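**Student:** Protein chains in written order, with the working numbering: chain A, 2 to 343; chain Z, 2 to 343. Built from N, CA and C at the ideal position, the CB exists for glycine as well. These numbers come from a predicted model, not from an experiment.
There are 2 protein chains.
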Amino acid sequence: MPVTIKDVARAAGVSVSTVSRALAGPELVSPATRERVQRAAAELGYQPNRAARGLITGRTGNIGLIVPDLANPFFPGVVKGMQARAREADFAVFVADTDEDPAVEVALVRQLAKQVDGMVIASPRMSEDELRAAATETPLVLLNRRVGRIPSVTVDNVDGMRQAVAHLVALGHRRIGYVEGPRTSWANRERLRGLRAAISATADGGADVELTVLGSFLPQFEGGVAAADLAVAAGVTAVIAYNDLVALGLLNRFVARGIDVPGQISVIGCDDIVAAAMVHPPLTSIALPKEQTGRAGVDLLLALLKNSGRSAVSTRRELPAHLMVRRSTGPAPTAPAPTDLP
Amino acid sequence: MPVTIKDVARAAGVSVSTVSRALAGPELVSPATRERVQRAAAELGYQPNRAARGLITGRTGNIGLIVPDLANPFFPGVVKGMQARAREADFAVFVADTDEDPAVEVALVRQLAKQVDGMVIASPRMSEDELRAAATETPLVLLNRRVGRIPSVTVDNVDGMRQAVAHLVALGHRRIGYVEGPRTSWANRERLRGLRAAISATADGGADVELTVLGSFLPQFEGGVAAADLAVAAGVTAVIAYNDLVALGLLNRFVARGIDVPGQISVIGCDDIVAAAMVHPPLTSIALPKEQTGRAGVDLLLALLKNSGRSAVSTRRELPAHLMVRRSTGPAPTAPAPTDLP
DNA sequence: TTGAAAGCGATACCAT
DNA sequence: ATGGTATCGCTTTCAA
Chain A
2 MPVTIKDVAR
12 AAGVSVSTVS
22 RALAGPELVS
32 PATRERVQRA
42 AAELGYQPNR
52 AARGLITGRT
62 GNIGLIVPDL
72 ANPFFPGVVK
82 GMQARAREAD
92 FAVFVADTDE
102 DPAVEVALVR
112 QLAKQVDGMV
122 IASPRMSEDE
132 LRAAATETPL
142 VLLNRRVGRI
152 PSVTVDNVDG
162 MRQAVAHLVA
172 LGHRRIGYVE
182 GPRTSWANRE
192 RLRGLRAAIS
202 ATADGGADVE
212 LTVLGSFLPQ
222 FEGGVAAADL
232 AVAAGVTAVI
242 AYNDLVALGL
252 LNRFVARGID
262 VPGQISVIGC
272 DDIVAAAMVH
282 PPLTSIALPK
292 EQTGRAGVDL
302 LLALLKNSGR
312 SAVSTRRELP
322 AHLMVRRSTG
332 PAPTAPAPTD
342 LP
Chain Z
2 MPVTIKDVAR
12 AAGVSVSTVS
22 RALAGPELVS
32 PATRERVQRA
42 AAELGYQPNR
52 AARGLITGRT
62 GNIGLIVPDL
72 ANPFFPGVVK
82 GMQARAREAD
92 FAVFVADTDE
102 DPAVEVALVR
112 QLAKQVDGMV
122 IASPRMSEDE
132 LRAAATETPL
142 VLLNRRVGRI
152 PSVTVDNVDG
162 MRQAVAHLVA
172 LGHRRIGYVE
182 GPRTSWANRE
192 RLRGLRAAIS
202 ATADGGADVE
212 LTVLGSFLPQ
222 FEGGVAAADL
232 AVAAGVTAVI
242 AYNDLVALGL
252 LNRFVARGID
262 VPGQISVIGC
272 DDIVAAAMVH
282 PPLTSIALPK
292 EQTGRAGVDL
302 LLALLKNSGR
312 SAVSTRRELP
322 AHLMVRRSTG
332 PAPTAPAPTD
342 LP
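(1) Is it a yes or a no for the segment 151-170 of chain A touching the segment 97-105 of chain A, going by three-plus beta-carbon pairs under 8 Å?
(2) Is it true that the CB of residue 182/A sits closer than 8 Å to the CB of residue 253/A?
(3) With a cut-off of 8 Å on the beta carbons, I'd call residue 291/A and residue 95/A a contact; round off their distance for me.
(4) Could you pull out every unbroken alpha helix (DSSP H) segment of at least 4 residues lying fully inside the segment 210-270 of chain Z, listed in chain order?
(5) Anything in chain Z within Cβ reach of residue 120/A, meaning under 9 Å, just list it in chain order.
(6) Taking residue 158/A as part of the beta strand (DSSP E), name the residues at either end of that continuous run.
(7) Among 223/Z, 202/Z and 184/Z, which one has its Cα closest to the Cα of residue 214/Z?
(8) Taking 8 Å as the cut-off, does the segment 321-336 of chain Z touch the segment 137-144 of chain Z (at least 3 CB pairs, one atom from each stretch)?
(9) Give, in chain order, every residue of the segment 42-62 of chain Z whose Cβ lies closer than 7 Å to some Cβ of chain A.
(10) Could you check what DSSP says for residue 272/A in three-state terms: helix, strand or coil?
(11) Only counting the same chain, and skipping five residues up and downstream in sequence, which positions put a Cβ closer than 7 Å to that of residue 209/A?
(12) Between residue 117/A and the rest of its own chain, which residues show a CB-CB distance below 8 Å, the 5 nearest in sequence each way excluded?
(13) Would you say residue 145/A lies against chain Z (beta-carbon separation less than 8 Å)?
(14) Is the shortest distance between the beta-carbon of residue 77/Z and the beta-carbons of chain A less than 8 Å?
(15) Indicate the three-state DSSP secondary structure (helix, strand or coil) for residue 319/A in the structure shown.
(16) Determine, using beta carbons only, whether residue 7/Z comes closer than 8 Å to chain A.
(17) Work out the CA separation of residue 46/Z and residue 13/Z for me, nearest whole Å.
(18) Run through the DSSP bridge pairs and tell me what residue 153/A is partnered with.
(19) Please list, in chain order, the residues of the segment 202-223 of chain Z that have any C-beta partner in chain A closer than 8 Å.
(20) Would you list, in chain order, the members of the segment 140-171 of chain Z that have their beta-carbon closer than 8 Å to a beta-carbon of chain A?
(21) Figure out for me which residue from 31/A, 195/A, 173/A and 190/A has the closest Cα to the Cα of residue 267/A.
(22) Span of the alpha helix (DSSP H) holding residue 180/Z?
(23) Mind listing the chain Z neighbours of residue 253/A? Cutoff is C-beta to C-beta under 7 Å, in chain order.
(24) Report the three-state DSSP secondary structure of residue 121/Z (helix, strand or coil).
(25) Anything in chain Z within Cβ reach of residue 302/A, meaning under 7 Å, just list it in chain order.
(26) Applying the 10 Å Cβ sphere with the 16-neighbour rule, what's the burial state of residue 206/Z?
(27) Rounded to whole angstroms, what's the CA-CA distance from residue 242/A to residue 270/A? Just pull it up for me.
(28) Can you give the Cα-Cα distance for residue 331/Z and residue 251/Z, rounded to whole angstroms?
(29) Would you list the residues sitting across from residue 63/Z in a DSSP beta bridge?
(30) List the residues of chain Z whose Cβ lies closer than 9 Å to the Cβ of residue 116/A, in chain order.
(31) Residues of the segment 80-92 of chain A in Cβ contact with chain Z at a cutoff of 7 Å, in chain order, please.
(32) Which term fits residue 302/Z, buried or exposed, when burial requires 16 or more other beta carbons within 10 angstroms of its beta carbon?
(33) Along chain Z, which residues have their Cβ under 8 Å away from the Cβ of residue 322/A?
(34) Taking the straight line between their C-alpha atoms, what separation do you get for residue 256/Z and residue 177/Z?
(35) Taking Cβ positions, are residue 228/A and residue 236/A nearer each other than 8 Å?
(36) Spatial neighbours of residue 334/Z within its chain, please: C-beta separation below 8 Å, excluding the five flanking residues on both sides.
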């Protein structure tokens with residue numbers, strides 16, 4: 002039999018209204034009664050019933066999080082960040098996995114919407130229209146995607162690609178391949194855009210770099226395995242993959258075919274999942290701030306909830322990406338000796 | 002403005018009680034009214050408010066899941082299985098991560114308990130007493146651990162180890178090392194027990210196998226890296242690790258030191274995480290049925306909830322483990338040639 | 001078979 | 001500053 006607000010009221014010798022006030026806004030009651038109430042509550046181990054509170058306030062104290070695939074090591078990091086931040090704000094987090102299926106995603110949003118005050122969708126796979134529709138039904142924050150004025154947290158993919166290209170070009174690479182992920186992935190499009198921008202900027206700088214786009218492939222290990230042979234056939238000296246899982250697949254296939262990395266070909270991934278540092282050779286990767294992305298997502302959502310009703314605050318946060326150089330990238334096989342460089 | 006039961010009642014021309022009945026137990030109302038009510042509900046898109054329902058029924062429709070570390074690829078599999086099963090039963094899942102900290106675990110259980118009908122704790126790190134206490138506060142199911150009569154889903158670790166040892170012995174290994182995980186881990190103790198049993202059984206069979214226990218180490222990549230040198234110094238020809246993350250650490254360090262796997266030393270992990278097949282050489286691992294474990298956990302919990310109040314049903318399920326042989330295990334370096342075998 | 005009404009636990013408004 | 005009370009949306013007696 003859980004202790005209710007009545008029990009506390011009786012114990013403190015006040016009315017339930019007073020208890021409610023003493024606990025919610027300490028400045029609404031006299032210091033003396035506040036003291037008594039708080040002690041009584043503590044002694045009885047009183048915990049407000051969230052369902053009852055939600056019934057009248059219209060708030061559940063829950064937020065939802067939807068991710069495409071928990072098995073992709075990128076997302077647990079995001080989940081951790083979200084939970085940490087949500088807990089600080091006294092919110093609980095529902096997590097749901099869509100198995101990369103846009104239809105499941107749409108269904109889950111609708112189902113979850115009733116049970117939460119708002120939700121965060123990480124790397125949404127559904128269409129822009131569907132997202133816009135969802136945003137009208139429930140406060141919504143997007144991670145790794147921008148759609149209209151829906152609040153979002155993104156990473157500077159374009160700059161990440163700039164760093165990767167600069168690194169490769171400095172190593173003497175002139176023929177670079179990119180292994181595409183899902184076309185429905187906003188990040189994929191952004192990365193491709195960043196890549197093209199970086200390469201044309203390089204052209205202005207004098208170096209003549211050629212980009213070969215391969216794909217699209219599954220954003221998983223298997224996708225990389227499949228892409229590896231195409232990369233070799235394309236004659237590139239370096240490959241940048243949509244994400245680390247794909248890069249790991251590339252690495253694996255190259256090793257299996259006896260192709261030396263980075264001796265014959267360099268590989269760069271994206272996300273910097275833990276496994277990137279665990280393979281041999283360790284994978285150079287564009288690190289995205291996973292936990293920070295999660296935290297920022299909750300931050301935006303909380304801001305949204307506070308302003309709910311008032312003029313739609315549309316907020317965006319863009320986080321920086323950082324290239325983690327490891328041993329999977331090295332000098333281009335046909336690169337001129339350092340002394341020959343201009 | 003969400004549609005409530007009143008709206009449905011008005012639309013169907015009946016009282017709210019009738020609506021409630023028509024939707025809950027169709028046999029409680031006349032077929033005609035049931036039909037009308039259901040159509041009205043469908044047309045209005047009525048979704049019962051779970052908070053309101055929970056207030057009176059005392060049920061939230063939520064279940065909680067606590068895991069030590071979402072970043073350990075073993076757990077996302079479990080989470081996926083749980084969610085799938087929970088969704089079938091129309092339950093939502095709260096997920097919380099403890100960062101392997103027993104204290105956090107205890108705190109989370111207490112906090113979550115108020116918001117759920119029951120909870121599942123995967124690989125609990127807290128003490129038996131704490132678990133027993135938790136079990137009295139809320140319906141509880143344990144994954145990968147057995148404590149008293151608390152319902153649990155476990156994997157047959159002992160048999161898994163038997164398979165691993167049999168595999169190694171067949172390859173000619175006689176000096177085997179085990180890298181321990183956390184001493185607070187039930188699975189660790191079970192695996193050690195299974196290992197010892199398998200080895201003494203082998204002794205009865207004539208082969209004289211020696212076990213060297215190393216550790217304990219962090220159940221992570223870094224733990225394996227640290228353990229690798231000890232394994233080499235101990236002169237074992239094969240190492241079995243507490244889990245795949247540790248095994249990957251071993252593998253990595255062996256390669257870094259120029260020690261050939263499996264030429265000079267064989268490595269076996271546990272869990273069969275996806276990364277196991279992604280490294281080079283691919284890791285032989287004892288596969289645990291991750292999703293099935295999650296599903297079974299929810300099954301047990303649902304059964305518990307149904308019987309709540311009645312005599313404590315204590316149930317256990319034990320799932321089988323399967324050795325996945327890959328290239329990280331091979332003949333022992335000093336093994337006699339196949340023709341010399343008896 | 002159906003309707004009216006009493007709560008579930010908390011908050012918020014209206015008095016005092 | 002505090003108490004009484006209506007109320008949130010729903011389920012569940014109790015009568016009819």
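**Tutor:** In this structure, then:
(1) The segment 151-170 of chain A, when compared against the segment 97-105 of chain A, does not touch it at the 8 Å Cβ threshold.
(2) Result no, Cβ atoms of residue 253/A and residue 182/A do not sit closer than 8 Å.
(3) Residue 291/A to residue 95/A, Cβ: 19 Å. No contact.
(4) With a minimum length of 4 residues, the continuous alpha helix (DSSP H) runs that stay inside the segment 210-270 of chain Z are 222-235 and 245-257.
(5) Within chain Z, no residue has its CB atom less than 9 Å from the CB of residue 120/A, the nearest being about 12 Å off.
(6) That residue, residue 158/A, is in no beta strand (DSSP E); its alpha helix (DSSP H) goes 158-171.
(7) With distances taken between Cα atoms, residue 214/Z lies closest to 184/Z.
(8) No, the segment 137-144 of chain Z does not touch the segment 321-336 of chain Z.
(9) Result list: 48, 51, 52, 53, 55, 56 and 61.
(10) Residue 272/A: strand per DSSP, three-state reduction.
(11) Apart from the 5 residues on each side of it in sequence, residue 209/A sits with its Cβ closer than 7 Å to the Cβ of 175 in its chain, given in chain order.
(12) Within the same chain, and ignoring the five residues on either side of residue 117/A in sequence, the residues whose Cβ sits closer than 8 Å to its Cβ are 61, 63, 64, 65, 95 and 139.
(13) Residue 145/A does not count as touching chain Z.
(14) Residue-level contact by beta carbon holds for residue 77/Z and chain A, with a gap shorter than 8 Å.
(15) The three-state reading of DSSP puts residue 319/A in strand, counting E and B together.
(16) Not one chain A Cβ lies under 8 Å of residue 7/Z.
(17) Roughly 13 Å separates the two Cα atoms.
(18) The secondary-structure analysis by DSSP pairs residue 153/A across a beta bridge with 143/A and 317/A.
(19) Using a CB distance below 8 Å, the part of the segment 202-223 of chain Z facing chain A consists of 222, ordered along the chain.
(20) Along the segment 140-171 of chain Z, none of the residues has a CB nearer than 8 Å to a CB of chain A.
(21) Looking from the CA of residue 267/A, the closest CA among 31/A, 195/A, 173/A and 190/A belongs to 173/A.
(22) Counting along the chain, residue 180/Z falls outside any alpha helix (DSSP H), though it belongs to the beta strand (DSSP E) covering 176-180.
(23) In chain order: 279 and 281.
(24) Correct three-state label for residue 121/Z: strand.
(25) Residues of chain Z passing the Cβ test: none, with the nearest at roughly 17 Å.
(26) Taking all protein chains shown into account, residue 206/Z has fewer than 16 neighbouring C-beta atoms within 10 Å of its C-beta and is therefore exposed.
(27) Spanning the two alpha carbons is a distance of roughly 5 Å.
(28) Across the structure, residue 331/Z and residue 251/Z are spaced so that their CA atoms are roughly 16 Å apart.
(29) According to DSSP, which records beta bridges pairwise, residue 63/Z is partnered with 93/Z.
(30) Residues of chain Z whose Cβ lies closer than 9 Å to the Cβ of residue 116/A are, in chain order, 51, 52, 62, 63 and 93.
(31) Result list: 80, 81 and 84.
(32) Buried.
(33) Chain Z residues near residue 322/A: none, gap ~20 Å exceeds 8 Å.
(34) Our two residues, residue 256/Z and residue 177/Z, have alpha carbons roughly 19 Å apart in a direct line.
(35) Contact: no.
(36) Once the five neighbours on either side are set aside, the close Cβ partners of residue 334/Z are 238, 264, 265 and 266.
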